[in-house]
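Residues 1 to 638, numbered by full-length UniProt numbering, are exactly what the sequence shown covers, in order.
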Amino acid sequence: MSKTIPLTTAQALVKYLNQQFFMIDDQKLPFVKGIFHIFGHGNVLGLGQALAQDCGHLEIYQGKNEQGMGQAAVSFAKEKLRQQIFAVTTSVGPGAANLVTVAGTALANNLPVLLLPGDTFASRQPDPVLQQIEQLHSQKITTNDALKPLSRYWDRIERPEQLMSALTRAFEVLTNPVTAGPVTICLPQDVEGEVYDYPESFFKEKVHYYDRRPATERELSASVRLIENSQRPIIIVGGGAKYSEAGAVLERISKKHNIPLVETQSGKSTIVADFSLNFGGVGVTGSAPANRIIKEADLVIGVGTRYTDFTTASKTAFNTEHTKFLNINVSRMQGYKMDGISIVADAKTALLQIESVLDDLYQTQFGDLLTRVTNNWQTERIRLANLNYNNENFEMEIKNQFDDKKLANYAQQLKTNLTQAAVLIKLNQILPMNSIVVGAAGSLPGDMQRLWEAKSINSYNMEYGYSTMGYEIAGAYGAKIAHPEKEVFAFVGDGSFHMLHSELLSSIQYNKKINILLFDNSGYGCINNLQMGNGMPSFGTELTDYKNQVMCIDFAKLAEAYGAITYTVGNMSELETALTEISKSEQSTLIHIKVLPKTMTDSYDAWWNIGIAEITTDGSTDKVLIEKKEKLARALQY
1 MSKTIPLTTA
11 QALVKYLNQQ
21 FFMIDDQKLP
31 FVKGIFHIFG
41 HGNVLGLGQA
51 LAQDCGHLEI
61 YQGKNEQGMG
71 QAAVSFAKEK
81 LRQQIFAVTT
91 SVGPGAANLV
101 TVAGTALANN
111 LPVLLLPGDT
121 FASRQPDPVL
131 QQIEQLHSQK
141 ITTNDALKPL
151 SRYWDRIERP
161 EQLMSALTRA
171 FEVLTNPVTA
181 GPVTICLPQD
191 VEGEVYDYPE
201 SFFKEKVHYY
211 DRRPATEREL
221 SASVRLIENS
231 QRPIIIVGGG
241 AKYSEAGAVL
251 ERISKKHNIP
261 LVETQSGKST
271 IVADFSLNFG
281 GVGVTGSAPA
291 NRIIKEADLV
301 IGVGTRYTDF
311 TTASKTAFNT
321 EHTKFLNINV
331 SRMQGYKMDG
341 ISIVADAKTA
351 LLQIESVLDD
361 LYQTQFGDLL
371 TRVTNNWQTE
381 RIRLANLNYN
391 NENFEMEIKN
401 QFDDKKLANY
411 AQQLKTNLTQ
421 AAVLIKLNQI
431 LPMNSIVVGA
441 AGSLPGDMQR
451 LWEAKSINSY
461 NMEYGYSTMG
471 YEIAGAYGAK
481 IAHPEKEVFA
491 FVGDGSFHML
501 HSELLSSIQY
511 NKKINILLFD
521 NSGYGCINNL
531 QMGNGMPSFG
541 TELTDYKNQV
551 MCIDFAKLAE
561 AYGAITYTVG
571 NMSELETALT
581 EISKSEQSTL
591 IHIKVLPKTM
601 TDSYDAWWNI
611 GIAEITTDGS
621 TDKVLIEKKE
631 KLARALQY
């Protein structure tokens, strides 16, 4: 008869988490690094008691907002290339509901995170308890049911013994690269404290192996034949390439055969920017070189990409008559996209196989196009780097978007002559080479994908699968926990800062230094551009008060109240001084960078399909509707 251990459900959960390990390429790591928590009724006397009694190796961090600590866990998993995770526990009701955005972020980005929300009573005897919702058609529904469509696996532990099968299933999902994403295990508050005699075998060390799946002979021969028959192939480097650590083999294939590389937001920094055949970001937020050469491609090799609308410019980025697709992905579903030939395999392994059999003499035929687009882009970067309010060309740059009087008003109110693009380029020049930069939403992701040149591998952490406003600061905090030896910079707009900045306080509390670079243009500049570029007037996207005056928020004072070291800058000299000083600090910092509205980069030869009013009283959308019809006629239809 097997031996048993009497434990509460919560105690058994903690003990099990401590015994989960992940093995890849002979490297073994504890899979669950720690737990972020906000205790309340529903988890404090169950899971909270178990952690206080014996948390094992788990690192325990108190969160300040459920969404904030959850986004930190998502970012941690991204930084660890899905090889380690954090769990997140909340109380019932509003605490659990705040995990909905977290689950959406993790699901869209295929990032593993373990969500452990408290739940109402499984016995139902005290119902309805505090924070319990009630539905007429079912008593089983709780707030946590909102997490079902956003979870890769969802379960509710209504009896202590159910924990065993639930956790076995949960960790299969969390450690599988095909299904990696959010797992939700709901913990009714009465069941958390109930005792069960768990078998000792349940707590034996469990190693989850990542065995790199190779391409089949059929897949390999078909893909090599496709490449060798193409004249102008181009490789899209997606997030799957980064998680597979395929950068080195991608460089070798690219260099040997003169195949240009372009990057998605998730794939950026898989290969450093100064690699000669890395042409940068592609698509709606892409750079001019990448968007120019992909139109010439007769073969697109997508490595670990989901082909989102931003990557494909709503499927208009390609030559629809000549472009074929080869998709390398661990997910069969993703491999089927774009009607391509698919290799269902680990990206690094498949590329190594292709490298070994591809004809040594095979070379692409781009002529001098690659050189021309590179030279033109460097000229454009120099122009953007020197653009400011006092520049004679500045007025022409934005004359169609902003009248002179309004621009002067913003410059006076915000006390700045800085443009967003110029500041980004300056930061790129100054920040330490191995710094990690974190971003998520607004206009900054576009400028960063176009302009940011990653100087080291895996140094670019952009959440753009869900474009979650508020991820930036929490994400920087999670990245710092993952890499305590590195400087981490959160690139955040004022709109996102207003949404969520709670984990700045957590970074100070636990001495996890992060640096916040807050770009303040007094509004939601990205969406303001979107509406005005599609026939609408500026409406509801500028931060003005009831007198229609620009609202000038002192973000430095706010961060200073938390305990951060802060600076406010309105010109390049002040920015350089602040950056020099924060490099000497061991404390979290915030630089309040005031930038003029409408000074982000424009799209470079890319189009985004978005819903537009088909009829207006003044015909203001007529022009963009004609363009949309023309673009859709030339777009890929699958």
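C-beta: ideal position from N, C-alpha, C; glycine also.
message: Can you tell me which residues form a DSSP beta bridge with K28?
response: M23
Backbone CA spacing between G93 and L47 [nearest angstrom]: 16 Å
task: Have a look at D506 and Y61 and give me their C-alpha separation to the nearest angstrom.
output: A small fix is needed here, since residue 506 is Ser in this sequence, not Asp. Straight-line Cα distance between these residues: approximately 8 Å.
task: Indicate the three-state DSSP secondary structure (helix, strand or coil) for H57 in the structure shown.
output: Coil at H57, not helix or strand.
message: Using C-beta distances below 8 Å, list every residue in its chain close to Y190, excluding the 5 sequence neighbours before and after it, in chain order.
response: For clarity, residue 190 is Asp in the given sequence; the question names Tyr instead. A distance below 8 Å between beta-carbons, with the five flanking residues on each side excluded, links D190 to the following residues of its chain, in chain order: F121, A122 and S123.
message: Assuming P182 and A106 are in contact, meaning their beta carbons sit under 8 Å apart, how far apart are those beta carbons, in whole angstroms?
response: 4 Å
field: F76 to E574 span [Cα, whole Å]
entry: Their Cα atoms are separated by approximately 32 Å.
query: Ordered along the chain, which non-local residues of its own chain (more than five positions away) have a Cβ less than 7 Å from that of V624?
result: N534, G535 and I612
task: May I have a chain-ordered list of the beta strand (DSSP E) segments no shorter than 3 residues that lie completely inside the region 469 to 519?
output: Taken in chain order, the whole beta strand (DSSP E) runs of length 3 or more contained in the region 469 to 519 are 488 to 493.
field: Contact set for V102: own chain, Cβ-Cβ below 8 Å, skip 5 residues either direction
entry: E66, Q67, G70, Q71, A73, V74, V88, V113, L115 and P182
field: Spatially closest choice to K255 from V272, G238, L277 and V237, by CA coordinates
entry: The shortest Cα separation from K255 among V272, G238, L277 and V237 belongs to L277.
message: Just verifying my parser: in three-state terms, what is the DSSP assignment at Y466?
response: In the three-state DSSP reduction, Y466 falls in the coil class, being neither helix nor strand.
- prompt: Taking the C-alpha atoms as reference points, what is the distance between E296 and L370?
  reply: So the two alpha carbons sit approximately 11 Å from each other.
message: Measuring straight from C-alpha to C-alpha, what distance separates K614 and G465?
response: Here residue 614 turns out to be Glu, not Lys, going by the sequence shown. Those two C-alpha atoms are separated by around 28 Å.
task: May I have the straight-line CA-CA distance separating F325 from S266, to the nearest angstrom?
output: The C-alpha of F325 lies about 20 Å from the C-alpha of S266.
message: Starting from E586, trace the beta strand (DSSP E) in both directions and tell me its first and last residue.
response: First-last for E586: undefined, no H or E at that position.
Separation of F555 from V373, as counted between CA atoms: 40 Å
task: Could you tell me whether the Cβ atoms of A180 and S244 are closer together than 8 Å?
output: no
query: Taking the beta strand (DSSP E) that R169 falls in, what are its first and last residues?
result: Counting along the chain, R169 falls outside any beta strand (DSSP E), though it belongs to the alpha helix (DSSP H) covering Q162 to L174.
- prompt: Is the CB-CB distance between G238 and V330 below 8 Å?
  reply: no
message: Give me the residue from W608, L518 and F171 with the minimum Cα distance to R152.
response: F171
query: To which residues does DSSP link H208 through a beta bridge?
result: F22.
- prompt: What did DSSP end up calling F366 once you bin it into helix, strand or coil?
  reply: coil
task: Mind reading off the beta-carbon distance from A96 to P117? Whole number of angstroms is fine, and I expect it under 8 Å.
output: 4 Å
message: Measuring alpha carbon to alpha carbon, tell me which residue in G280, Y410 and R332 is nearest T544.
response: Y410
- prompt: What did DSSP end up calling N386 once you bin it into helix, strand or coil?
  reply: coil
Proximity to V207 [Cα-Cα], best of Q27, V249, N388 and M333: From the listed residues Q27, V249, N388 and M333, the smallest Cα separation to V207 is found for Q27.
- prompt: Which term fits C552, buried or exposed, when burial requires 16 or more other beta carbons within 10 angstroms of its beta carbon?
  reply: The residue is exposed, with fewer than 16 neighbouring Cβ atoms inside 10 Å.
- prompt: Just how far apart, CA to CA, sit A635 and A479?
  reply: 38 Å
message: For the pair the region 478 to 494 and the region 435 to 443, tell me if three or more CB-CB distances fall below 8 Å.
response: yes
task: Determine which residues share a DSSP beta bridge with A87 and list them.
output: Its beta-bridge partners are I35 and L114.
message: Checking 8 Å against the spacing of the C-beta atoms, do A564 and L590 come in under that value?
response: yes
task: Check whether the region 197 to 204 touches the region 312 to 324, taking contact to mean three or more Cβ pairs, one atom from each stretch, closer than 8 Å.
output: no
message: For the alpha helix (DSSP H) containing C526, name the first residue and the last one.
response: G525 to M532
message: Check for me: the beta strand (DSSP E) holding L187 runs from which residue to which?
response: P182 to P188
Heavy atom of the ligand ATP within 7 Å of A248 beta-carbon: Absence of the ligand ATP is noted for the structure shown, with no ligands found whatsoever.
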